[in-house]
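Undergrad:
Number of protein chains: 4
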Amino acid sequence: MAKATALVSAHHDLTVQFYDVDPMRVVWHGNYVKYLEDARCVLLDKINYNYDVMEQSGYVWPIVDMRLKYVGSAKFGSKIRIQADLIEYESRLKIQYLITDIASGQVLTKAHTVQVAVDVNSLEMQFESPKILLDKLAGWLDE
Amino acid sequence: MAKATALVSAHHDLTVQFYDVDPMRVVWHGNYVKYLEDARCVLLDKINYNYDVMEQSGYVWPIVDMRLKYVGSAKFGSKIRIQADLIEYESRLKIQYLITDIASGQVLTKAHTVQVAVDVNSLEMQFESPKILLDKLAGWLDE
Amino acid sequence: MAKATALVSAHHDLTVQFYDVDPMRVVWHGNYVKYLEDARCVLLDKINYNYDVMEQSGYVWPIVDMRLKYVGSAKFGSKIRIQADLIEYESRLKIQYLITDIASGQVLTKAHTVQVAVDVNSLEMQFESPKILLDKLAGWLDE
Amino acid sequence: MAKATALVSAHHDLTVQFYDVDPMRVVWHGNYVKYLEDARCVLLDKINYNYDVMEQSGYVWPIVDMRLKYVGSAKFGSKIRIQADLIEYESRLKIQYLITDIASGQVLTKAHTVQVAVDVNSLEMQFESPKILLDKLAGWLDE
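Residue numbers (this note's numbering), protein chains in the order written: chain Z, 3 to 145; chain E, 3 to 145; chain F, 3 to 145; chain U, 3 to 145.
The structure is reproduced here in structure tokens:
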């Protein structure tokens, strides 16, 4: 997970809730998947292509690959930042994440997700990203 | 929550998973709502009127009222039984639940849920249960 | 659930996430229990008696009773407010909740939770709230 | 994720619950992490080294790396099997997973998790698996 250049970036901050913490007194590893989605949706809102807009555009974008590396652990009440960077868009949507503890700056989790477009009518997976995604990214591609 | 006569009963047994346990080393109170649904779906399958059949019948049945009383607590690895009893069906679907620790027989949680039929087309709430529910319950009402 | 006078009030606002929404395209009813906790923790932070401070004070405060009435439904992307009002504290901690859609003002859910103090050493339930809670509430009780 | 030889194997079968399904009418991708844990705990029970025994042995084994590849999708009511294969144990615990739809045999998800031992007293990560793990695996290593 070397650092790639991000076309679009966004972040989401949150306070770790009691219900996300396990008997080891740290966030249960599966709950970080929600945190990734929290930040991904901020990023997708930024390009005006969040889940509801995707579907109206005739495509759904299921996650086909996800990886998380856990470096540190967050506790109840920790304030954490989830940074999301869009690093691929041509044939698939690849987003890289970095979760850090806001107070200490310590890295907690590194992750990425890969999504591909599926036509809602034919249910066929698209091997090139549909034009609508490029349109949504136009403001960033021009730069 | 006095004991009412059950028209239909069902139960679901499960082993408490690590991800459902909180830092106090007991199941987080909100996770019991999943356990209620586990048992409710066994009951609804028994009358062949689970969520997918409901929707095909032209109705959805949202939960409009839910109450849980927590008497004991379940730990990681506990084997628990969720008993579900259908106790009202004429104007609404009321199900009563009793969660017990299988090994000790100790009562952990008492609960009930109330669902009402909503027409999927008009989105209007039904003040009497639609005929389809009575048809599904026919085998039990005859007894 | 008539309106009681609140000793302390707090609220939490959130955007409904995709992972909390069910196939009926509304928030799954069990997920509102998390939202209640989100707001309860803001309230408990306000009186400096959140879960970690509770435990350091020698008590845990499990939820013993919880009720939710579902009036409306929240969708993906909805911005909602969870209002939490502390309405009883002498023998137990009772908090009342009102969840509303921020844009429309529509009431979505009414709820309450009841917690009682349990001594962490003896594991005995306290029939009167321990002095520490009254100390924490002193600033509000004086008013 | 080529097929490695499994030292110990186990599986867990489950019926997909309504609360795990998202607005796209398939299991939300993050919920598969629970399914992996369901099967992992069956495997760990088989070698008598589940989370509670781990902790009593003086070690916790946090997940440090997790990857999921989503090939198909499970729907409400689908009966699925999660196969878990222990494929590394010398310096870390690596488990490979295969989730299939029981009725069709279709592969839904391929995944792996990596756990490392952390001494509960020193909080130091162990670069070789502690003797207790080898003892627990003795019956399988002898074969």
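Cβ coordinates follow ideal geometry from the N, Cα and C atoms, glycine included.
With 9 Å as the threshold, decide whether the Cβ of G74 (chain Z) is near any Cβ in chain E.
TA: Closer than 9 Å: no.
Undergrad: Mind reading off the beta-carbon distance from A140 (chain F) to A86 (chain F)? Whole number of angstroms is fine, and I expect it under 8 Å.
TA: Not confirmed; about 20 Å, so no contact.
Undergrad: I'd like to know if T7 (chain U) contacts chain E, where contact means its C-beta is closer than 9 Å to some C-beta of that chain.
TA: Taking Cβ atoms only, chain E never reaches closer than 9 Å to T7 (chain U), which makes this a no.
Undergrad: Taking Cβ-Cβ distances shorter than 8 Å, what residues in chain F pair up with W30 (chain U)?
TA: Going along chain F in sequence order, the residues near W30 (chain U) (Cβ under 8 Å) are F20, Y21.
Undergrad: Return helix, strand or coil for V116 (chain F), following the three-state DSSP convention.
TA: Looking at V116 (chain F) - three-state DSSP - the assignment turns out to be strand.
Undergrad: Could you name the residues of chain E that D121 (chain F) contacts, counting a contact when the two beta carbons are closer than 9 Å?
TA: Here the premise fails: no neighbours, minimum Cβ distance about 14 Å.
Undergrad: Can you list, in chain order, the residues of its chain with a C-beta nearer than 7 Å to that of N52 (chain E)? Leave out the 5 residues immediately preceding and following it.
TA: Once the five neighbours on either side are set aside, the close Cβ partners of N52 (chain E) are C43, L46.
Undergrad: Only counting the same chain, and skipping five residues up and downstream in sequence, which positions put a Cβ closer than 8 Å to that of W143 (chain E)?
TA: For the sequence presented, residue 143 (chain E) should be read as Leu rather than Trp. For L143 (chain E), where only same-chain residues beyond five positions count, the Cβ hits under 8 Å are L9, L136.
Undergrad: Report the residue from E:I104, E:L70, E:G79 whose alpha carbon sits nearest the alpha carbon of I97 (chain E).
TA: Checking every option, the nearest Cα to that of I97 (chain E) belongs to E:L70.
Undergrad: For R27 (chain Z), count the other beta carbons within 10 Å of its own beta carbon; 16 or more makes it buried, fewer makes it exposed. Which is it?
TA: Classification of R27 (chain Z): exposed, given that the 10 Å Cβ count is below 16.
Undergrad: Can you have a look at A113 (chain Z) and say buried or exposed, based on whether 16 or more other CB atoms are within 10 angstroms of its CB?
TA: Label assigned to A113 (chain Z): buried.
Undergrad: Take I104 (chain U) and list the residues in its own chain whose beta-carbon comes closer than 7 Å to its own, dropping the five residues that flank it on each side.
TA: Same-chain partners within the cutoff: D15, K81, I82, R83.
Undergrad: Which residues, in chain order, does the region 52-69 of chain Z contribute to contact with chain U at a C-beta distance below 7 Å?
TA: Here the close residues are V62, P64, I65, V66, D67, M68, R69.
Undergrad: Which one of F:V66, F:V109, F:Q108, F:Q117 has the shortest CA to CA distance from E90 (chain F)?
TA: Ranking the options by Cα distance to E90 (chain F), first place goes to F:Q117.
Undergrad: Would Y72 (chain E) and D67 (chain F) qualify as a contact pair, given that the criterion is a beta-carbon distance under 9 Å?
TA: Yes.
Undergrad: Alpha carbon to alpha carbon, how far is N50 (chain E) from L125 (chain Z)? Give it in angstroms, no decimals.
TA: L125 (chain Z) and N50 (chain E): Cα-Cα distance of roughly 30 Å.
Undergrad: Under 9 Å, Cβ to Cβ, is there at least one residue of chain F near D103 (chain U)?
TA: It does not; no Cβ of chain F falls within 9 Å.
Undergrad: Could you work out which residues of chain E lie near V35 (chain F), taking near to mean beta carbons separated by less than 8 Å?
TA: Residues of chain E passing the Cβ test: H31, G32, V35.
Undergrad: For M26 (chain U), go through chain Z and note every residue whose CB falls closer than 7 Å to its CB, in chain order.
TA: Under the 7 Å cutoff, chain Z gives V62.
Undergrad: Quick one: does E39 (chain F) have its CB under 9 Å from some CB of chain E?
TA: For E39 (chain F), the answer is yes, since a Cβ of chain E falls inside 9 Å of its Cβ.
Undergrad: Do you know how far the Cα of P64 (chain E) is from the Cα of W30 (chain F)?
TA: Each residue's alpha carbon lies about 9 Å from the other.
Undergrad: Of all the CB atoms in chain E, is at least one closer than 9 Å to the CB of L135 (chain F)?
TA: By this cut-off, L135 (chain F) is not an interface position.
Undergrad: Identify, in the order they occur along the chain, each residue of the same chain with its Cβ nearer than 6 Å to the Cβ of I134 (chain U), setting aside the five sequence neighbours on each side.
TA: Once the five neighbours on either side are set aside, the close Cβ partners of I134 (chain U) are S59.
Undergrad: Considering Y34 (chain F), what are the terminal residues of the alpha helix (DSSP H) in which it resides?
TA: Taken as a continuous stretch (DSSP letters only), the alpha helix (DSSP H) holding Y34 (chain F) covers 34-48.
Undergrad: If we count the other Cβ atoms within 10 Å of its Cβ and call it buried at 16 or more, is N33 (chain E) buried or exposed?
TA: With 16 or more other Cβ atoms within 10 Å, it is buried.
Undergrad: Of all the beta strand (DSSP E) runs that stay within the bounds of the region 63-115 of chain U, which reach a length of 3 or more residues?
TA: Taking only runs of at least 3 residues, the beta strand (DSSP E) segments lying wholly in the region 63-115 of chain U are 65-72, 81-90, 95-103.
Undergrad: When you compare the CB positions of A119 (chain U) and S131 (chain U), do they come within less than 9 Å of one another, or not?
TA: Yes, they are a contact pair.
Undergrad: Check the Cβ-Cβ distances between F129 (chain Z) and every residue of chain E, and say whether any is below 9 Å.
TA: Output row for F129 (chain Z): interface = no.
Undergrad: Beta-carbon of K77 (chain U) versus every beta-carbon of chain Z: anything under 9 Å?
TA: So, not an interface residue.
Undergrad: In terms of residues, what are the limits of the beta strand (DSSP E) holding V23 (chain U)?
TA: Careful: V23 (chain U) lies outside any beta strand (DSSP E) and carries neither H nor E.
Undergrad: What is the DSSP secondary structure of L9 (chain E), reduced to helix, strand or coil?
TA: Coil, per DSSP.
Undergrad: Helix, strand or coil for L16 (chain Z), going by three-state DSSP, please let me know.
TA: In the structure shown, L16 (chain Z) sits in a strand (DSSP, three-state: E or B).
Undergrad: Check each candidate in E:F129, E:S75, E:G79 and name the one with the smallest Cα separation from T111 (chain E).
TA: With distances taken between Cα atoms, T111 (chain E) lies closest to E:S75.
Undergrad: Going by beta carbon distance, what residues of the same chain come within less than 7 Å of E57 (chain U), once the five residues before and after it are set aside?
TA: The answer, listed in chain order, is V122.
Undergrad: Is the CB-CB distance between Q19 (chain U) and K36 (chain E) below 9 Å?
TA: Yes, the pair counts as a contact, with Cβ atoms nearer than the cut-off.
Undergrad: For chain Z, find out if any of its Cβ atoms is closer than 9 Å to the Cβ of K71 (chain U); answer yes or no.
TA: By this cut-off, K71 (chain U) is an interface position.
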